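Take the sequence shown: its position 117, counted from the start at 1, is 163 in the numbering used here, and no numbers get skipped. Note that beta-carbon positions come from the ideal geometry of N, C-alpha and C, so glycine has one too. Computed from a predicted structure; not experimentally measured. Take a look at the structure below.
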Amino acid sequence: MKVAVLFSGGKDSTMALYNALETGEDVKYLLSMKSVNDESYMFHVPNIHITDLLAEALNIPIITAQTQGIKEEELKDLGVEAIYTGALYSVYQKSRIEKLGDEVGLEIISPYWHVDELEYMKEIVSLGFEVIISGVFAYGLDESWLGRKIDDKAIDELVEINKKVGINLAFEGGEAETLAVDGPIFKKRINILKNKKTWHLDSGLYIIEEAELEDKWI
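Encoded structure:
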């Protein structure tokens, strides 16, 4: 089937893309929604400007559309024929994309819906994806997590934080945002040349200011 993948560059949309490719789908393009609203209900915001570079690293065409980030209006901007999504637990996100699918005859596929959070995070690492944390927004996650790579040690620490404050290990409660910079489906990797961190009270962002593609040597 010819599909598009709703793509933010985060771990979940990257895993949705991975699943689509692994199951033999014909991925025609990535679809990146750039929200004017920094607190978009639907679409990942931190480092969304990197998706063009990520698409080049993945060697898959990308279509970019701008949305105002308004709850009920965001999905009107999509305009695709078939969509894979990285939805894990967000009924809000999944239900509205599926509503669009029903209206225009789309098949909406969310391959990791209600996946076990811990096993999912471990799978990301075991597959060889390099994912960094680009934003934190929850008690228990401090500034030291900004820009940090998600590896086995980080997952172990997240498990301990989860025991204390009950965060979702896959960040589906909005605890953090992520960015995939390399992995088994990447033809080239993202090399971050310049970044800045911002922190306010109990949340912060890791913003990539300059990045380049880097060849991968086997």
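Is residue i near residue j, with beta carbons less than 9 Å apart?
{"i": "Gly250", "j": "Val171", "result": "no"}
{"i": "Ser156", "j": "Leu134", "result": "yes"}
{"i": "Val111", "j": "Leu77", "result": "It is worth fixing the name first, because residue 111 is Ala in this sequence and not Val. Yes, they are a contact pair."}
{"i": "Ile254", "j": "Ser136", "result": "no"}
{"i": "Ile106", "j": "Ile236", "result": "no"}
{"i": "Ala62", "j": "Tyr138", "result": "no"}
{"i": "Leu247", "j": "Ala222", "result": "no"}
{"i": "Ala216", "j": "Val161", "result": "yes"}
{"i": "Glu218", "j": "Lys195", "result": "no"}
From the options, pick the residue whose C-alpha is nearest to that of residue i; which is it?
{"i": "Glu256", "options": "Tyr75, Lys240 and Phe217", "result": "Lys240"}
{"i": "Thr69", "options": "Val150, Gly56, Met47 and Leu52", "result": "Met47"}
{"i": "Glu259", "options": "Lys195, Ala200, Ile178 and Ala101", "result": "Strictly speaking, residue 259 in this sequence is Leu, with Glu absent from that position. Ranking the options by Cα distance to Leu259, first place goes to Ala101."}
{"i": "Tyr75", "options": "Phe217, Ile109 and Asp261", "result": "Ile109"}
{"i": "Ile238", "options": "Val211, Leu204, Ile178 and Glu206", "result": "Ile178"}
{"i": "Ile94", "options": "Gly55, Asp72, Lys195 and Asp261", "result": "Gly55"}
{"i": "Trp263", "options": "Ala200, Lys233, Trp245 and Lys242", "result": "Lys233"}
{"i": "Leu52", "options": "Asp148, Ile154, Lys209 and Leu99", "result": "Ile154"}
Is it right to say residue i is buried, meaning 16 or more other beta carbons lie within 10 angstroms of its own, or is it exposed?
{"i": "Thr60", "result": "buried"}
{"i": "Glu127", "result": "exposed"}
{"i": "Tyr252", "result": "buried"}
{"i": "Lys57", "result": "buried"}
{"i": "Val211", "result": "exposed"}
{"i": "Val244", "result": "Just to set this straight, residue 244 is Thr in the shown sequence, not Val. By the neighbour-count rule (16 or more Cβ atoms within 10 Å), Thr244 is not buried but exposed."}
{"i": "Gly220", "result": "exposed"}
Within a Cβ cutoff of 8 Å, which residues of the same chain sit near residue i, ignoring the five residues on either side of it in sequence?
{"i": "Asn65", "result": "Tyr130, Pro157 and Tyr158"}
{"i": "Ile207", "result": "Gly186, Leu187 and Ile213"}
{"i": "Asp72", "result": "Met47, Lys48 and Val49"}
Cβ contact check for the stretch 141-148 and the stretch 158-172: 3 or more pairs under 8 Å: Contact between the stretch 141-148 and the stretch 158-172 is absent, because fewer than three Cβ pairs lie under 8 Å.
Three or more C-beta pairs below 8 Å linking the stretch 185-192 and the stretch 223-233: Too few Cβ pairs lie closer than 8 Å, so no.
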